[in-house]
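Quick notes on the structure that follows.
Numbering (my numbering), first residue to last: 13 to 649.
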């Protein structure tokens with residue numbers, strides 16, 4: 013489409029008066045010449061709907077995620093820009109029509125067309141002003157939204173950079189300074205405004221109108237809570253309409269047409285169209301700069317939402333995996349260690365490297381329980397966060413920050429569980445290898461030929477258990493390691509002080525028999541009666557105490573395992589204890605998260621009572637001392 017703006021000024025000369033035919037011919041040729049240049053940039057559209065669709069297609073063809081107020085203001089921007097494009101297209105059509113009228117020497121309708129052209133151009137710039145004001149309102153609303161969403165809590169996120177950029181733009185609007193070179197959207201707008209000012213100065217208009225607005229002017233009274241979000245409540249915006257209206261008024265002053273023609277002849281006749289494009293074109297313009305800013309903010313919002321969604325799913329997956337690992341660890345053969353078994357190994361193996369791990373928990377049972385407590389706490393925290401998010405009771409910044417904290421805690425717990433399930437025991441096994449090699453060397457260097465049978469028996473057991481260790485599975489190795497080290501400690505005591513060793517052996521044997529007597533009295537253990545009488549016979553034969561003691565301890569262990577597996581009362585008590593322990597764990601966590609719904613005194617009382625009961629349990633099972641009690645005492649428990 014070929015066009016030139018200044019043609020309608022030439023038309024005025026035809027309309028205004030008595031000019032010579034020579035002048036008419038000159039102005040006609042100039043009229044045709046002024047419409048001979050091409051201009052491209054603003055998409056063609058012939059209705060408000062068409063223009064709105066073009067605005068969407070050219071500038072906002074991307075996913076958008078904004079608040080209701082921001083979306084409403086953005087739609088207003090699109091509608092005003094669409095109206096601007098619509099009137100600009102009407103102006104181009106009128107320029108083409110005027111060109112055709114000039115070619116045909118048909119001047120009768122030129123006054124009407126000229127007035128329509130002036131009206132359309134003024135409307136185009138008017139709607140451009142309105143669109144630009146909408147863009148500044150959008151900046152203020154988005155800044156308000158991100159402020160309320162506590163984006164400052166997540167400075168590592170891209171959305172925080174957008175928050176800073178919005179502040180920069182609004183702070184620039186707060187200063188009545190024309191020259192802005194920050195590279196921001198507002199800076200781009202002021203640069204285009206300066207160009208328009210330079211254009212107007214060519215015909216004597218040197219001052220750009222700098223309009224003052226308040227936050228209420230921009231976003232309305234009902235969003236006035238955003239007024240305190242920036243340092244100033246005043247904004248300074250150069251608008252085009254007033255300057256453009258003055259230019260039109262000057263050019264339509266029929267008393268000075270000759271002067272107007274001289275001015276128009278000295279400037280590019282299509283410059284006004286390019287100035288309009290500098291504000292409203294879909295490319296390399298103020299509008300395209302605003303589109304980039306909107307796109308960036310929306311993209312970062314959507315990406316953060318997806319990132320949070322993915323992180324939440326990862327946390328849930330990790331919680332499930334860690335829970336399964338803890339269950340596997342809880343039911344592994346390692347839980348069959350005596351109380352403080354791992355602590356015993358740490359001390360005996362002198363594992364400085366392992367012991368330096370922060371917050372190390374020596375016993376499998378304790379580690380599993382405390383890990384489950386942490387796991388349930390983080391799981392409850394995640395659930396609470398999701399509930400608050402569903403009811404819009406948590407800001408985006410707080411949600412993102414808490415998700416990261418929960419994830420960090422879960423990952424740390426996962427590392428501890430992996431360490432406990434794999435690395436810890438691998439290192440202990442390596443240390444056990446070294447320790448048992450030293451014990452074997454000591455045995456070979458010690459002369460047992462003149463030592464009592466009991467001491468030789470211990471040395472033989474050490475040799476057998478060491479051999480078993482070498483052939484055992486990973487989990488069994490630590491059990492054998494602990495037995496070998498315990499036997500070696502006993503052997504060391506015996507070699508140092510035989511008298512003390514025999515006294516200790518005698519005490520141990522008496523204690524074992526006393527325990528068996530009590531448990532046979534309180535329990536129906538007919539399947540073990542023969543074994544018990546055989547054990548008594550061994551004692552009466554005056555066999556070495558260590559031999560009889562080993563037999564007694566072996567029978568005691570078999571009875572314990574039998575009761576754990578077959579005594580209904582004990583099975584029920586063990587089950588109730590485990591369930592109560594799990595319940596207390598969850599209750600403790602929930603009471604912290606929802607303190608308003610729980611009685612702290614009742615929880616404390618319940619915890620104290622449970623701690624008293626816990627004294628009768630080892631590894632979540634009734635201790636042997638309590639197994640000796642009667643059924644009535646079990647029922648009371």
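Glycine residues also receive a C-beta, built at the ideal position from the N, C-alpha and C atoms.
All values reported here derive from a predicted model rather than from experimental measurement.
Under 7 Å between C-beta atoms of residue i and residue j
i, j, result
"residue 57", "residue 101", "yes"
"residue 104", "residue 63", "no"
"residue 423", "residue 380", "no"
"residue 60", "residue 294", "no"
"residue 451", "residue 500", "yes"
"residue 182", "residue 158", "no"
"residue 479", "residue 492", "no"
"residue 82", "residue 153", "yes"
"residue 199", "residue 192", "yes"
"residue 169", "residue 316", "yes"
"residue 390", "residue 420", "no"
"residue 632", "residue 590", "yes"
"residue 603", "residue 615", "yes"
"residue 204", "residue 291", "yes"
"residue 443", "residue 361", "yes"
"residue 155", "residue 178", "yes"
"residue 211", "residue 283", "yes"
"residue 384", "residue 436", "no"
"residue 402", "residue 298", "no"
"residue 496", "residue 448", "yes"
Buried or exposed by the 16-neighbour rule on C-beta atoms within 10 Å, applied to residue i
i, result
"residue 246", "exposed"
"residue 75", "exposed"
"residue 29", "In this prediction, residue 29 scores a pLDDT of 42, lower than 50, which makes its location untrustworthy; the coordinate-derived value is nonetheless stated afterwards. Answer is exposed; the Cβ neighbour count stays below 16."
"residue 428", "buried"
"residue 140", "buried"
"residue 92", "buried"
"residue 304", "exposed"
"residue 558", "buried"
"residue 332", "exposed"
"residue 588", "exposed"
"residue 274", "Confidence is the limiting factor: at residue 274 the pLDDT is only 45, short of 50, which leaves the residue's position unreliable, though a coordinate-based value still follows. Per the 10 Å Cβ criterion, exposed."
"residue 302", "buried"
"residue 176", "exposed"
"residue 523", "exposed"
"residue 126", "buried"
"residue 80", "exposed"
"residue 250", "buried"
"residue 579", "buried"
"residue 66", "buried"
Residue i: CB within 6 Å of a non-hydrogen atom of the ligand ADP
i, result
"residue 228", "No copy of the ligand ADP appears in this structure; indeed no ligand is present at all."
Sequence-distant residues of the same chain with beta carbon closer than 7 Å to residue i, five excluded per side
i, result
"residue 224", "246, 248"
"residue 426", "330, 334"
"residue 571", "531, 537, 540"
"residue 460", "467, 468, 471"
"residue 166", "172, 409, 412, 413"
"residue 592", "622"
"residue 323", "415, 419"
"residue 307", "74"
Other residues of its chain near residue i: CB distance less than 8 Å, five sequence neighbours each side excluded
i, result
"residue 505", "512, 513, 516"
"residue 137", "96, 252, 253, 256, 288"
"residue 560", "521, 547, 550, 551"
"residue 132", "99, 100, 102, 103, 106"
"residue 300", "71, 293, 294"
"residue 635", "628, 629"
"residue 510", "464, 467"
"residue 77", "310, 313, 314, 317"
"residue 129", "20, 103, 106, 107, 110"
"residue 577", "583"
One or two residues paired with residue i in a DSSP bridge
i, result
"residue 183", "Residue 183 pairs with nothing; no bridge assigned."
"residue 630", "633"
"residue 248", "224"
Neighbourhood of residue i by C-beta distance below 6 Å, restricted to the same chain and skipping five residues each side
i, result
"residue 89", "143, 146, 147"
"residue 656", "Since the first residue of the chain shown is 13 and the last is 649, residue 656 is not available in this structure."
"residue 86", "150"
List, from N- to C-terminal side, the alpha helix (DSSP H) runs of 4 residues or more that fit wholly inside the segment 411 to 491. For the segment 411 to 491, whole alpha helix (DSSP H) runs of length 4 or above, ordered along the chain, are 436 to 457, 465 to 483.
Residue ranges of each alpha helix (DSSP H) run of no fewer than 4 residues wholly in the segment 60 to 126, ordered along the chain? Within the segment 60 to 126, the complete alpha helix (DSSP H) runs of at least 4 residues fall at 60 to 71, 80 to 115.
Considering only residues of the segment 155 to 209, which uninterrupted alpha helix (DSSP H) runs meet the minimum length of 4 residues and lie entirely inside it, listed in chain order? Runs of the alpha helix (DSSP H) inside the segment 155 to 209: 170 to 185.
Mind listing, in chain order, the continuous alpha helix (DSSP H) runs of no fewer than 4 residues lying wholly within the segment 532 to 580? Look at the segment 532 to 580 and you find these whole runs of alpha helix (DSSP H), each 4 residues long or longer: 541 to 552, 557 to 578.
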